Amino acid sequence: MNTVIFAEKPSQAKAYADAFTVASKHKTHIILAACPTFPNGATITWGIGHLVELKDPKAYDTKWTRWNLASLPIFPETFEFQVAKGKFQQFKAVQQLFRQADLIINACDIDREGSNIFYSIFRLTGARPKQILRLWINSLEVDEIRRGFTQLQTNERDLKLYDEARTRQVSDWLVGMNASRIYTLLLQQRGYEDVFPVGRVQSPTVFLVYERMKEIEQFKVEPFFEAVATFQSAQGTYEGKVDGRFKTRQEVERLLHQHAIQPNDEGTITKHTEREKRQLPPLLHSLSTLQATANRKWKMSPAVTLKTAQTLYEKKYISYPRTDSRHITTNEWQYIQQNKERYETLLEQPFEAATMKPSKRYVDNAKVQEHYAIVPTKTVPARTTIEKMKREERLLYEEILRTTLCMFHRSFIYLETSVTTDVKRLPFLSKGKRTLDVGWKELFQQSNDKEDEANMLPPLQKGETVRATIQIHEGKTTPPKPYTEGQLITLMKTCGKHIEDEAEVEILKEIEGIGTEATRSSIIETLKTHQYIDVQKNIVQLTDKGRIFCEAIQGTLLASPSMTAKWETYLKKIGAGTGSSEKFLTSMEKFLHHLLATTPDELQRRPFTVAPFIGKKKATKWDRIPIATCPRCQKGKIVQRQSFYGCTHYRQGCKQTFPGTFLKKKLTKTNIKHLCEKGETNVIKGFTSNDGKTFNAKLQFQRGEISLLFEP
270 MNTVIFAEKP
280 SQAKAYADAF
290 TVASKHKTHI
300 ILAACPTFPN
310 GATITWGIGH
320 LVELKDPKAY
330 DTKWTRWNLA
340 SLPIFPETFE
350 FQVAKGKFQQ
360 FKAVQQLFRQ
370 ADLIINACDI
380 DREGSNIFYS
390 IFRLTGARPK
400 QILRLWINSL
410 EVDEIRRGFT
420 QLQTNERDLK
430 LYDEARTRQV
440 SDWLVGMNAS
450 RIYTLLLQQR
460 GYEDVFPVGR
470 VQSPTVFLVY
480 ERMKEIEQFK
490 VEPFFEAVAT
500 FQSAQGTYEG
510 KVDGRFKTRQ
520 EVERLLHQHA
530 IQPNDEGTIT
540 KHTEREKRQL
550 PPLLHSLSTL
560 QATANRKWKM
570 SPAVTLKTAQ
580 TLYEKKYISY
590 PRTDSRHITT
600 NEWQYIQQNK
610 ERYETLLEQP
620 FEAATMKPSK
630 RYVDNAKVQE
640 HYAIVPTKTV
650 PARTTIEKMK
660 REERLLYEEI
670 LRTTLCMFHR
680 SFIYLETSVT
690 TDVKRLPFLS
700 KGKRTLDVGW
710 KELFQQSNDK
720 EDEANMLPPL
730 QKGETVRATI
740 QIHEGKTTPP
750 KPYTEGQLIT
760 LMKTCGKHIE
770 DEAEVEILKE
780 IEGIGTEATR
790 SSIIETLKTH
800 QYIDVQKNIV
810 QLTDKGRIFC
820 EAIQGTLLAS
830 PSMTAKWETY
840 LKKIGAGTGS
850 SEKFLTSMEK
860 FLHHLLATTP
870 DELQRRPFTV
880 APFIGKKKAT
890 KWDRIPIATC
900 PRCQKGKIVQ
910 RQSFYGCTHY
920 RQGCKQTFPG
930 TFLKKKLTKT
940 NIKHLCEKGE
950 TNVIKGFTSN
960 DGKTFNAKLQ
970 FQRGEISLLF
980 EP
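Under my numbering, residue 981 is the last one in the sequence shown; the count climbs by one each step, no gaps.
This is the structure in C-alpha cells:
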C-alpha cells in the first residue's frame, strides 16, 4: 500500500519524520523506511502556508475586475480555488504524490483550519485514493506521534469540520469582496480617498475600540469630595472614610457640622469583624488567557505570544497552543503528576503538594473536545536549555509550568478585616487584608509584603477609643482607559458583557465571543495593517481612518458582535453536521443584497467627524507620494503602503506590487524607483539566506517579478 502523509508545514513534517526511520530526504517530501507502523514505508509531504486560495472575482467575470457599484454584488455560481502565487512547485509535488497514493493521512493541525487546508489542496489535486484517514494528536512528542499513527481516525469528523471551515472561508470572502467595495466606493464619494476593507470579524472588533474611544472622549471629569479620617489607636494608625462621595465640599462640611465633628476628635470602634478567605489556584491556560497574561505581565503582543507558543510546541515542550480549553483529561494528569518534581526543579521552586488527586476544576474528560489546555509535555528540557532560550520562550514556558503546578498547590488564604469607627455617631469604614498562607502565589515569585503592609490594620478591639483626625479629601473622576492588546483579546472572547440582550449574551458565551483562539491575534494584526488601529506602548488607539470606518458602519450588523455570534453559532452547527452550508451562504447573500440596497442612502446622509481630504495640498495621513510610474500598466503610480509597494490603479485592475522586505532586507523607495525605471537596483547590502548567512546583491525586475542579480 502506498501511504502518503500530509503535514501542514515543513517543521511539522520533520517532527513526524523524527519519530520514525528516514530512508531519504527530498526538497518536497521525506520517505520513511518500512516499520511496524508502515510495513511498506510511507512518504511525508507538506504545505507551505496556504498552497491554494480562492480565486479573485475577476477570474469568474471580467466585470468584477474594476471596482464599481454597478457590478455588485459579487456572487459566483461556484467557488473555485487556485494555487497560491509562488507555491506551484510544491503543489505539483503534492499532487503527484496524492495521485499515486492508496492511503492519504491528513496530519495537519487538529482544528477546522487544518481540515480546510488539507481538503482544499486535496480536491484541487484531483486525486482519488482508496482511503483517507486522520491523525489526531495534541503533542509533537515522539511517543505521541507514534501512538497517533497507530490509532488513526476515519475522516467523518474531518469532513464536517472542513465543511464548516470552507463555509466560513467563502462567507468571509463574500463579505470582504462585496462590503469592502461598497464602503470604499461610497466613502470615496464622500471624499475619503483610501481603501476600507470590511471583515466579518475584523469590523465588530475595531468597533469595540471605537466605542471605548467614544467613552473616553465623552467622559466628563467631575470633582468629588469625601470625609476621611486618620485614627490613632494604642497599637498603631489606620485610615477610614465615610461611605459615599459628595459632589461639593459644602455637602461634606454640612455633614460634619450636623455631627458637630471637629478636626481632632475621639472615635469609638463599634464594629470589628474578621473573615478568612481563600483564593483557589488559577485555571490552566487556553491561548486567549496565555496571550492576555503575557501582555499584562510583559507587554508581549498576542501575535508574538502565539508565535512563541508555536515554537515551544514544535520543540515538543508544550502541548498544542491553539486551544480554547482550560481543562485536561486523566491521561495528561497522569504524566504531569509523574513529572511534578522535574517541573519544580526547572523552576527551582520545590513545594509539598496539597493534593495528588485530580480535581474537576482542572481534570474533566467531558470538557475536553478537540484540544486540552496548554500544559508542559513529558519532554522536559535541561535547566541549561531553558537558560539559553529566547526571552519570550522562557517567560512563556515558565508561566505554563507554574500555572500547571498550581493544580497541586494550596489555596491563597488571607484574613479580611472590616472595622467601623464612629465619631459622634458618624461611621467611618476601614478595611484590611493580611496574608495567612501565600499558597500557590509563591510559584509566581510575587512578594505580597508591601501590599500587606499597605492593607493591614493594627490589632483593634470593639469598644476601643481612638483619636481621630478628620479631613475633607478632594478627588476627580477618571475616564476609562484605552484597551491594551491583551485586554482586546479578552474583550473579543467575552464581548457578551457588552450586550444587553440575554439571548445574544448566551450565544456569545456558547461560542466564546468573536473570533477563535487561533484567529484573534491575527485579527488585531490585520486591523493594524489596514491602519484602523495603532498600537503604541501596548495601548490600542483608533486612527482617523478607523474612526471614519466605524462611523460608516455604525448601526449595521457589521458593527455588532451579535452578528458574528449568530453566524458562528450556525457555522458550529455545520461542523456538527446539523447545519447546511447552502442555507448559510444563501442568508449571507441576502444580507449583502440588503447592505448594497441600503448603504448608499445611509452614507450620503451620515455625518463624519473627520474632514474629507480630496483636493487638499497638505499631505494627510494616507496621502501616497508617487515613487515611479507603474511599469505594468504605465498609467498608475507606484506608492508605498503598509508593508509593500503597489500601483494606485489597483481598482482599475493593475495588480503590480513590490515587497516591502526581500530576504529579510527592507527595500527603500530608491530601490523600488530603480527597479521601475532602470530594471535593476544598485548593489544592496544585507540580504539573509535561508541558512542565516548575509550577502550582497542587486535586484532585477523582469516580466513582473523581482529576482537576485549577482555581479560577475
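C-beta: ideal position from N, C-alpha, C; glycine also.
Note that this is a predicted model, so its numbers are computed, not measured.
What do you get for residue i, buried or exposed, if any count of 16 or more other CB atoms within 10 angstroms of its CB means buried?
i	result
Q471	buried
H799	buried
D380	buried
T738	exposed
E433	buried
M482	buried
L777	Confidence in L777 is poor, its pLDDT being 47 and thus under 50, which makes the residue's placement too unreliable to answer from.
H863	exposed
A578	buried
H596	buried
Q911	exposed
E974	exposed
F913	exposed
T585	Residue 585 is actually Lys in this sequence, not Thr. Result: buried.
T542	exposed
N832	Looking at the sequence provided, one finds Met at residue 832 rather than Asn. Looking at its Cβ environment, which holds 16 or more other Cβ atoms inside 10 Å, M832 is buried.
L984	Here the chain covers residues 270 to 981 and nothing more, so residue 984 does not appear.
Between which two residues does the beta strand (DSSP E) holding residue i run?
i	result
I907	906-909
N533	533-548
N447	Unbroken run through N447 is the alpha helix (DSSP H), 425-458; no beta strand (DSSP E).
T689	681-692
V475	From DSSP, V475 is part of no beta strand (DSSP E) but of the alpha helix (DSSP H) over 471-487.
P928	926-928
S223	Residue 223 lies beyond the range of the chain shown here (270 to 981); nothing can be said about it.
A757	For the record, residue 757 in the displayed sequence is Leu; it is not Ala. Where L757 is concerned, there is no enclosing beta strand (DSSP E), although the alpha helix (DSSP H) it sits in stretches over 754-762.
Taking the alpha carbon of residue i as the point to measure from, which residue in the options has its own alpha carbon closest?
i	options	result
A311	T331, H319, A286	A286
F860	R469, V952, E491, I390	R469
R660	K568, P645, V644	K568
D371	D378, V809, F307	F307
G744	K294, T517, P650, K626	T517
T926	G460, V908, L729	V908
L854	H295, T598, T347	T347
Q420	A376, A651, K609	A376
L865	L455, A498, P900	L455
G846	H295, L428, T297, A276	L428
G708	D691, F681, G701	F681
S570	I390, E621, V804	V804
M725	G948, G509, A288	G509
Keeping to the same chain, check which residues put their C-beta closer than 7 Å to that of residue i; ignore five residues upstream and five downstream.
i	result
V879	D813, R816, I817
T746	V490, E491, F493
L977	A966, L968
T963	G955, F956, T957
S340	K332, W333
T646	S408, E410, K585, Y586, I587, S588
Going along the chain, which residues of its own chain have a beta-carbon closer than 6 Å to the beta-carbon of residue i, five neighbours each way excluded?
i	result
K934	G955, F956
I401	I373, N424
E522	none
P324	First, the amino acid is wrong: residue 324 is Lys here, not Pro. The answer, listed in chain order, is E349, Q351.
P748	I485, F488
A888	Per-residue confidence for A888 stands at a pLDDT of 34, beneath the threshold of 50, marking its modelled position as unreliable; the derived number appears in the next sentence. Excluding sequence neighbours, A888 sits near nothing in its chain.
L932	F956, T957
Y982	Since the first and last residues shown for the chain are 270 and 981, residue 982 lies out of range.
F515	F494, V521
By Cβ distance, which residues of its chain are closer than 8 Å to residue i, with the 5 residues on each side in sequence left out?
i	result
I822	Y452, V467, S472, F476, A828
Q369	N271, V273
P279	W315, I317
L559	T574, A578, P590, I643, L665, E668, I669
Under DSSP, the alpha helix (DSSP H) around residue i begins and ends at which residues?
i	result
T939	938-947
W567	556-567
D412	411-419
H526	518-527
A286	279-287
Y914	Y914 -> not in any alpha helix (DSSP H); beta strand (DSSP E) instead, spanning 913-916.
Start-end ranges of the alpha helix (DSSP H) lying completely within the region 799-885, minimum 4 residues: For the region 799-885, whole alpha helix (DSSP H) runs of length 4 or above, ordered along the chain, are 813-822, 830-845, 850-874.
Enumerated in chain order, which unbroken segments of the alpha helix (DSSP H) with a length of 4 residues or greater are wholly contained in the region 584-624? Listed in chain order, the alpha helix (DSSP H) runs fully inside the region 584-624 are 599-607, 609-616, counting runs of at least 4 residues.
Please go through the region 357-396 and give each complete beta strand (DSSP E) segment of 3 or more residues, from N-terminal end onward. Annotation: the region 357-396 contains the following complete segments of the beta strand (DSSP E) (minimum length 3 residues), in chain order: 372-375.
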